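2 protein chains.
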Amino acid sequence: MSNVQELPLLDPTGGQGVVPCCPPLTERPMSATEAETAARMFKALGDPVRLRLFSAVASHEGGEACVCDISDVGVSQPTVSHHLKKLKEAGLLTSERRGTWVYYRVEPSVLAAMGQLLAMPAAA
Amino acid sequence: MSNVQELPLLDPTGGQGVVPCCPPLTERPMSATEAETAARMFKALGDPVRLRLFSAVASHEGGEACVCDISDVGVSQPTVSHHLKKLKEAGLLTSERRGTWVYYRVEPSVLAAMGQLLAMPAAA
DNA sequence: AGGCTGGTTCGACGTGTGTCAACATAGGCT
DNA sequence: AGCCTATGTTGACACACGTCGAACCAGCCT
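Protein chains in written order, with our numbering: chain B, 1 to 124; chain A, 1 to 124.
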């Protein structure tokens, strides 16, 4: 347990962190630190435009999409870029330039972490 | 306050069964309407204080807690009340006054719906 | 009645956020 | 070189948001 990505917290400036994070919300009260971390991810998805962008990337083949394929969400191009940056900073997406186009890709572990966070306690 | 907001994430067809508003994020690109609905809930959980409050209620016995039990999150009491109201407006919590105290309770179906939203497609 | 405690609402303040137009950068093309 | 397309960055704007203190409502006391 000493390699892979095991950043304790997300670095806001790096924007490349993966956060395994916290126990389910229903298990015990979250600490301030845990809440800070988890809220950052929820916040990133708390905007309709970002949610659509993220969904567009996530549902694309291979979990990867070019900006040009997903930028039709009703806002200007700079705004799309701005939101993609936010999603990247939240650790939800990664980007890679290949020639002319930039491709965005989901960070599956983070998605899984959020899913776990909302996991129901199976009604005991 | 006669808040006429529609139920956020659930489609009340079929009674108690969990009917998510939207398919998993990874299934297909979300529509604008779907994103609007889902983002409202993510946004509600996108604040550390609200996340702690929600977690405190959700992890309490019976999924229910008195305000006095959970209001120790580092902000003033009016702010706690404000956030609880937000969570209520987002459909995540319901409140009920019993004598002196007000009890908040999680909306389990909504929690499940959000979990489904983040469900992974078994790593295609 | 009056007072006390638990919660909510109000009004205000500073900060954060989404948005755009304009500019800047990267890479491919002629 | 020069131009053109694809993205990202900057600066500015309006608006939303989190926070607090103070005032206000709801029940339980004495």
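Glycine residues also receive a C-beta, built at the ideal position from the N, C-alpha and C atoms.
Owing to the predicted nature of the structure, the values given are computational and were not obtained by experimental measurement.
Using the C-alpha atoms, what's the distance from V73/B back to T45/A? Correcting the residue identity first, residue 45/A is Leu in this sequence and not Thr. Cα atoms of L45/A and V73/B: separation of roughly 23 Å, rounded to the nearest angstrom.
What first and last residue would you give for the alpha helix (DSSP H) that runs through V49/B? 48-59 is the extent of the alpha helix (DSSP H) around V49/B.
Looking at chain B, is there any beta carbon in it that lies within less than 8 Å of the beta carbon of N3/A? Bear in mind that a pLDDT of 38 at N3/A, under 50, signals an unreliable position, so the model cannot answer this.
Using CA coordinates, which residue listed in S55/A, V110/A, A32/A is at the minimum distance from S31/B? With distances taken between Cα atoms, S31/B lies closest to S55/A.
By the criterion of Cβ-Cβ separation under 8 Å, what are the contact partners of E27/B in chain A? Those within 8 Å of E27/B in chain A are S59.
Using a Cβ-Cβ distance cut-off of 8 Å, determine whether S153/A contacts chain B. Residue 153/A lies beyond the range of chain A shown here (1 to 124); nothing can be said about it.
Mind checking whether M120/A and L93/B have CB atoms under 8 Å apart? Not a contact, by the Cβ cut-off of 8 Å.
Around the Cβ of H83/B, are there at least 16 other Cβ atoms within 10 angstroms (buried) or fewer (exposed)? Per the 10 Å Cβ criterion, buried.
On the premise that D69/B lies in contact with V60/B, defined as a C-beta separation below 8 Å, what is that separation, rounded to the nearest angstrom? It should be pointed out that residue 60/B corresponds to His in this sequence rather than to Val. Contact flag correct, Cβ pair sits at about 7 Å.
Would you say A38/A faces chain B, with C-beta separation under 8 Å as the test? A38/A counts as touching chain B.
Close Cβ partners of V57/B (< 8 Å) along its chain, the five nearest in sequence each way excluded: G63, E64, A65, I70, L93, Y104, R105, V106.
Going along chain B, which residues have a C-beta under 8 Å from P108/A? Identification of chain B residues near P108/A by a Cβ-Cβ cut-off of 8 Å yields M120, ordered along the chain.
As a quick exercise: from L25/B, R28/B, K43/B, T33/B, pick the residue whose alpha carbon is nearest that of E89/B. Ranked by Cα distance from E89/B, the options L25/B, R28/B, K43/B, T33/B are led by K43/B.
Quick one, which of L53/B, E34/B, M41/B has its alpha-carbon nearest A35/A's? In terms of Cα proximity to A35/A, the closest of L53/B, E34/B, M41/B is L53/B.
Residue environment, R97/B, which counts as buried when at least 16 other CB atoms sit within 10 Å: Here R97/B is exposed: its Cβ has fewer than 16 other Cβ atoms, across all protein chains shown, within 10 Å.
Thinking just about the alpha-carbon of each residue, which of L51/B, V80/B, L117/B is nearest to the one in A39/A? From the listed residues L51/B, V80/B, L117/B, the smallest Cα separation to A39/A is found for L51/B.
Consider the Cβ of L45/A: report whether some Cβ of chain B lies at a distance smaller than 8 Å. Yes, L45/A lies at the interface with chain B (some Cβ there is under 8 Å from its Cβ).
Let me check one thing: in DSSP terms, what residues is T94/B bridge-paired to? Looking at the DSSP output, T94/B shares a beta bridge with R105/B.
By DSSP, does C133/A sit in helix, in strand, or in coil? As displayed, chain A neither begins before 1 nor continues past 124, which places residue 133/A out of reach and without an answer.
Look up P12/A in the DSSP assignment and say whether it is helix, strand or coil. Low confidence applies here, because P12/A scores a pLDDT of 38, under 50, leaving its location unreliable; read the following figure in that light. The answer is coil: DSSP assigns P12/A none of H, G, I, E or B.
Counting contacts by CB-CB distance shorter than 8 Å, is P8/B in contact with chain A? Because P8/B sits at a pLDDT of 33, beneath the cut-off of 50, its placement in the model cannot be relied upon, and the point is left open.
Taking 8 Å as the cut-off, decide whether the C-beta atoms of P29/B and L117/B are in contact. Not in contact: P29/B and L117/B (Cβ atoms no closer than 8 Å).
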